[in-house]
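Everything below concerns the one structure shown next.
Residue numbers (this note's numbering), protein chains in the order written: chain A, 2 to 409; chain B, 2 to 409; chain C, 2 to 409; chain D, 2 to 409.
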């Protein structure tokens, strides 16, 4: 195996699984390695160090191995600067572009490591060598000629190390999706975490699906908003329309319970609710005109939090507030999640995955769904910081509202 | 189609779907029918009447059609007495035995209709012609020579008519398994129903699985027992062992949360808990010896409610209290559910289906599981009286305890 | 109850459950009824007739009851013409607009019933009185001043009657989502139905999610397209990108199997695949430039079938072929499903529901997903013509390809 | 932390995750450790060695840590013999008994390591010091006075090391439950593994639930039995009764498909099928009397494979062949799985978990269920040798029969 690169691993590389994952990755991808040096800390708090030589059968294999090792936290030993090439056309990248992770990332420019701003999963790094600046940019927004980082040299990633001394829920339940765990305790922990996030001046993001309204949990979410516990609400047309329907006709609950038939009865209210808001000109206008006087949307507008409703092809209507172009919607969502400290993702896979993709790895995320498949998908993208709860969205919100003392 | 029988349908045969289901059944099974007479009530409260002639291509087809129509509530027009034959050997029936439903059933003896006692799904009717008594009996318990009702003549079944004027939950949500409904309201309704059942002097049956303990909902169930809201607790070895482990080691919660690994750690406590009770001689002995001092099992023994632990092949140990022969366990469960007014089935499919099979159709059942497949299976066996809730067993019990004012 | 309207019911109103559903609906919504006349056919093939008087406590209640009864197939007895009002502004409707079902619908103009074109769920009816034409139009595309049908008078809907004599799968399994049924037989029936649809000159629509590619079922779908069994393929960015990745790198399968980790390894190929197509200018360009030479997208382009890729907020990239505005995407999908005879919806909830909403009720739909919750959601929107299969998308496609003799 | 014990770790302790899991376990359980010596192999094939000092705050904590480390493969450094105490009464153990894992285990007697026979999860080790024999024994079968191993000294466990060079499916997919993987390839691998197991003279165990019959996959399983690919079939009353019903009435398929209603129609056949076998005296007698002439049970009896039907409280009847005492059933199952090389567990959680508990860790197991929750539960008990497939039991068996060339 003639293609060779040396890497360093530092930190809690054994109990954070960095070393074994490195070995796994190299061998899973067909490569081999030699251990050049290894120092294991004598005590659990001592950092360790390893120096490995990676070998591969081709340049492509070596590149793929390094790609993956960098996610884990390996630092390429060679000390060259980051390389870049101009974007060949608007919205497209050089073929060997470096695709980011959602971890803190640095690039080496003139021998100096500079941080990459706006980091998120799977974006390109645009380099401004003169200003010594680097930032993450989604492929679609790259302009022809911008300098794009390519290859792996001169890029390093800082993995989140697993912390043992942090609180209960977030440190230990990260990979866990079972419904057979004591969730009440976890919800208390989430409540405490929300308070910490607010105290740190960071933002609480809620991503929500229409089940929040169907199940009668709207009052709990509305109370959380009113009490100032929510800084941004991300969702789609459905949650907004269902909420408006409940507010306008007072029947969402009555009708759902009585007919148990989402198609009959409720359906007409559904379309009439949409039409009412379209006639008014939008949600804010409906609030201002006294048409919409309660519910989640009302509270979000009254509290003036960031409200992003992103369009989807299954939307009825949609409401005038819905952003129908998905690229524009993504950019608006990106702005709304700036400075996020925690993200609660409740009962929606589409919006949750979309939001999750935009969050840096250090943002704690809580995915709540009664469907284990959905929660697993969300958690798979995860970091050490994700809690996946297989539980009932309605009862989750009722308990959380109680834990935070905002009533239900 | 030369094989012919006439039937009558009476009552709310149109809005209770009896008439259309009759038509469906006849045609699905390959038969045909003529409408001889039909009188539809002019108002929704007027009963209707229909007189049909059923035609089939064979005697077997006719028998199958009538079998199925009797479940719906059809009365065979011919007015012969019930026929019977002696059981050919212990534990076996005449080939053409009548297999019951779980609905109120009568047999005609000497021109007179007499009720069948101990009715449940799929049992034989043993006839004591001299004493004019009839009772349901599971096949395995029939003795050679007992008179067993055969064929369909002289048997009639009273279907539960759908009632519109009853309370919310039980009348309308019967076929509903969705998690996308407001469950808090349904739980309030269940609480009210439990109070009604107690006030009528009937019994509340709880069938529970080990998830109640894993999830930390044991305290809520214990509180319900202590407050007198549970008359019989049916389960298996697992719920009892997990409960004992939590009581003895105080760690079920701590350990589960910390390791998130049911196999490691907890496992040793699990086996030690079983051994402790085996050494003591049983759960009651462990309570009397001061070894077991809290938890669901402790409260059940203190309150002296019916506690039936039925064995299964996946049991570890098992505890001495577990009935290892499944036929004996079934009979003990049958006794425990006598005079039941409501049955809550939480987080266990095996015990829930077994119990459901033993209950007359009029007993209201609430099946709670986070897995829709399980709840659907339970509800499929159902009657108009079943609520199926796809929700979290833990949060369900916490909410129910709150609704009934027994703390959590 | 002073608000009164008379209705007629005709056809197989008892065994198609039209009569009992009518009774149910009236009472569920708080109304009452009198049976003025009822004639039940003496034999199962005889049509029946009923004439009812509906009573309600308010005008709104009466309107809601009639709304719902029209879905079932009730014809309002009064013989007035359809009423209309001008749309008050672009993209909004008069508050009392008539919201359609997906059933064949007629409106009465100058005493004559004329059919409504472009019918689908929840659209408005635009009336051109001069040309005596009516068509369905989504709210968002209505222009100020267009005449919109309002109220219920002069509108009638033709329910699909349940047919007993049709083939196995489509007539009887419509409400069925269980995995515990013999699915091989149903797949054979679906194969036969696809052949019938093609023979009738109608179109076969496939709506597909990325799991088709992950699971290695792409070859089966590609074979179906090559053999001419697919007329339109609807999906999103994900199915296309995964397919391109598999075609370009030949590794999607190898990598997935080896690492079992969708994040590592595959991820970089994923972004490189997107970039490659963006550099080429699009999927068709990539085929023409010899870059893309196999797979589902390749076959779809070679066969020149309708290919609609609709955007969503979770898209990476996206490919240049993806329609990023969801309203434009919806319109493109509407065109692609014209003259549909059958729609197969495989492994995607978002695109399946969106497509399902656009299909007239008579189009047979087959929803395939391993997740019962998804299949249930799709089937709930359904008609008598929907099969819901809880099964494995991969094995479904392999079996279907075998049934249709196109290899796997 | 004054309670101290030293341990050794040997083998591929880094890439098999033994070292990091050791660190994790110690810290999760509240202890601490010092690294006394560590030698990491320079190449991936070199074994490594570690010598650690474990510290704990109490004797109980130390015992729990060692309990858990032994499962991972730690060897306690102290070289004392195994300790034992007499069982205090029939069916109960000394409180500090050693509870086994399902891994190969040895105990030290007079300075010599001897293997423990009949090893399975969670049993006691009975020591016959004179004969130098040790065997695993379930708690319930221990007799008063037998010498039972206690504590951790003188016990060692050999973990299964993860092998990289073995075949595809079994080495890499062990923790994987997703339906979004190419399962056809895995089924081919399972077929190849079955052939290897047979070639090695080991046995193929099938554990099956009733869905195999409902779904029409019985013919595939029957063909596998007929071709000699199944050595033992474990199940319950339900699979046998459904199979008999299908064989006797030829209608299970027809009826299920036509009515889609398991309760109506099929139910009477169900009870009649049970009664027929009870009248005949059992399944074998029914075959000999020419009553049962096809199906899974017929083939199992004809091929004279081990057939174990274990009772459960939900059984109807049951058939005379069903073992109603669960402890007797467990012992019979233990005998049937002797010398197992592979176990296929299809569509049944109860029997699969029960069987899984009895298998040594080296037996490869394949758990197949469409419900991810079930498959996850099975896989959680797992070893490196378990494949969990979230797929359709019917299509799985059809594909497997095709792969093994036995028709479908």
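Beta carbons: idealized from backbone N, C-alpha and C, even for Gly. In this text the structure is predicted, and so the values were computed from the model without any measurement.
Below-8 Å beta-carbon distance, residue 219(C) vs any chain A residue: Not an interface residue.
Residue 116(D) - DSSP class collapsed to helix/strand/coil: If DSSP states are grouped into helix, strand and coil, residue 116(D) belongs with the strands.
C-beta contact flag for residue 327(C) and residue 337(C) at 8 Å: No, the pair does not count as a contact, with Cβ atoms beyond the cut-off.
Rounded distance between the beta-carbons of residue 111(B) and residue 82(B), thought under 8 Å: Contact holds; Cβ gap of about 7 Å.
C-beta contact flag for residue 395(B) and residue 183(A) at 8 Å: The answer is yes: Cβ separation under 8 Å.
Within chain A, partners of residue 327(C) - CB distance below 7 Å: The contacting residues are 312, 313, 314, 316, 325, 327.
Residues sharing a beta bridge with residue 87(C), DSSP: 148(C), per the DSSP bridge assignment.
C-alpha distance - residue 8(B) paired with residue 368(B), whole-angstrom precision: For residue 8(B) and residue 368(B), the distance between alpha carbons rounds to 35 Å.
Supposed close pair residue 31(C), residue 58(C) - CB separation, criterion 8 Å: Contact between residue 31(C) and residue 58(C) holds, since their C-beta atoms are separated by about 7 Å, short of 8 Å.
Amino acids of chain D, ordered along the chain, whose beta-carbon sits closer than 9 Å to that of residue 73(A): Those within 9 Å of residue 73(A) in chain D number zero; the least Cβ separation is about 13 Å.
Proximal residues of chain A, C-beta to C-beta of residue 5(D) below 9 Å: At a C-beta separation below 9 Å, residue 5(D) has no neighbours in chain A, since its nearest C-beta there lies roughly 15 Å away.
Short CB-CB distance (under 8 Å) between residue 399(C) and chain D: Interface residue, yes.
Sub-8 Å separation of residue 33(B) and residue 27(B) beta-carbons: Between residue 33(B) and residue 27(B), the C-beta spacing is below 8 Å.
Per DSSP, cross-strand counterpart(s) of residue 52(C): Answer by DSSP bridge pairing, in chain order: 9(C), 38(C).
The segment 14 to 41 of chain B: positions lying closer than 7 Å to chain C by Cβ: Within the segment 14 to 41 of chain B, the residues whose Cβ lies closer than 7 Å to some Cβ of chain C are 15, 16, 18, 20, 21, 24, 25, 28, 33, 34, 35, 36, 39, 41, listed in chain order.
Below-8 Å beta-carbon distance, residue 373(A) vs any chain D residue: At a cut-off of 8 Å between beta carbons, residue 373(A) contacts chain D.
Segment contact, 8 Å Cβ cut-off, at least three pairs: the segment 229 to 248 of chain A with the segment 53 to 72 of chain C: Not touching, per the Cβ criterion.
Every unbroken alpha helix (DSSP H) inside the segment 200 to 249 of chain D [4 residues or more]: Considered as a whole, the segment 200 to 249 of chain D harbours 212 to 215, 219 to 227 as its complete alpha helix (DSSP H) runs of no fewer than 4 residues, in chain order.
CA nearest to the CA of residue 91(D), picked from 233(D), 282(D), 140(D), 325(D): For residue 91(D), the closest of 233(D), 282(D), 140(D), 325(D) by C-alpha to C-alpha distance is 140(D).
Classification of residue 79(C) by the beta-carbon crowding that lies within 10 angstroms, buried from 16 upward: Exposed, since its Cβ has fewer than 16 Cβ neighbours within 10 Å.
Opposing strand residues paired with residue 107(D) [DSSP bridges]: In DSSP, residue 107(D) forms a bridge with 116(D), 157(D).
For residue 302(B) and residue 206(B), the rounded distance between their alpha carbons: Those two C-alpha atoms are separated by around 15 Å.
Assigned exposure category for residue 118(A) - 16 Cβ within 10 Å defines buried: Result: exposed.
Euclidean distance between Cα positions of residue 406(C) and residue 215(C): Their Cα atoms are separated by approximately 23 Å.
Contacts of residue 394(C) in chain A (Cβ-Cβ under 7 Å): Using a Cβ-Cβ cut-off of 7 Å, residue 394(C) is close to nothing in chain A; its nearest Cβ partner there is about 13 Å away.
C-alpha gap between residue 278(B) and residue 84(B), whole angstroms: Answer to the nearest angstrom: the Cα atoms are 52 Å apart.
Cβ of residue 216(C) within 8 Å of any chain D Cβ: Closer than 8 Å to some Cβ of chain D, the Cβ of residue 216(C) qualifies, so yes.
Element boundaries [alpha helix (DSSP H), containing residue 302(B)]: Per DSSP, residue 302(B) belongs to the alpha helix (DSSP H) from 297 to 303.
Distance, residue 230(C) Cα to residue 335(A) Cα: Approximately 42 Å between the Cα atoms of the pair.
Residues from the segment 268 to 302 of chain A in contact with chain C, defined by Cβ distance under 8 Å: The residues in question are 268, 269, 271, 272, 273, 275, 276, 277, 279, 280.
Residue from 108(D), 242(D), 100(D), 359(D) with nearest C-alpha to residue 123(D): Residue 100(D) is the option with its Cα nearest to residue 123(D).
Residue 293(D) versus residue 273(B): straight-line alpha-carbon distance, rounded: Near 47 Å, if we compare the C-alpha coordinates of residue 273(B) and residue 293(D).
Sequence-distant residues of its chain with Cβ nearer than 7 Å to residue 392(C) (five each side left out): Closer than 7 Å at Cβ, skipping near neighbours: 180, 184, 369, 371.
Under 8 Å between C-beta atoms of residue 280(B) and residue 145(D): Taking the C-beta atoms as reference points, residue 145(D) is found no nearer than 8 Å to residue 280(B).
Continuous beta strand (DSSP E) stretch holding residue 366(B): start and end: Element bounds for residue 366(B): 365 to 370.
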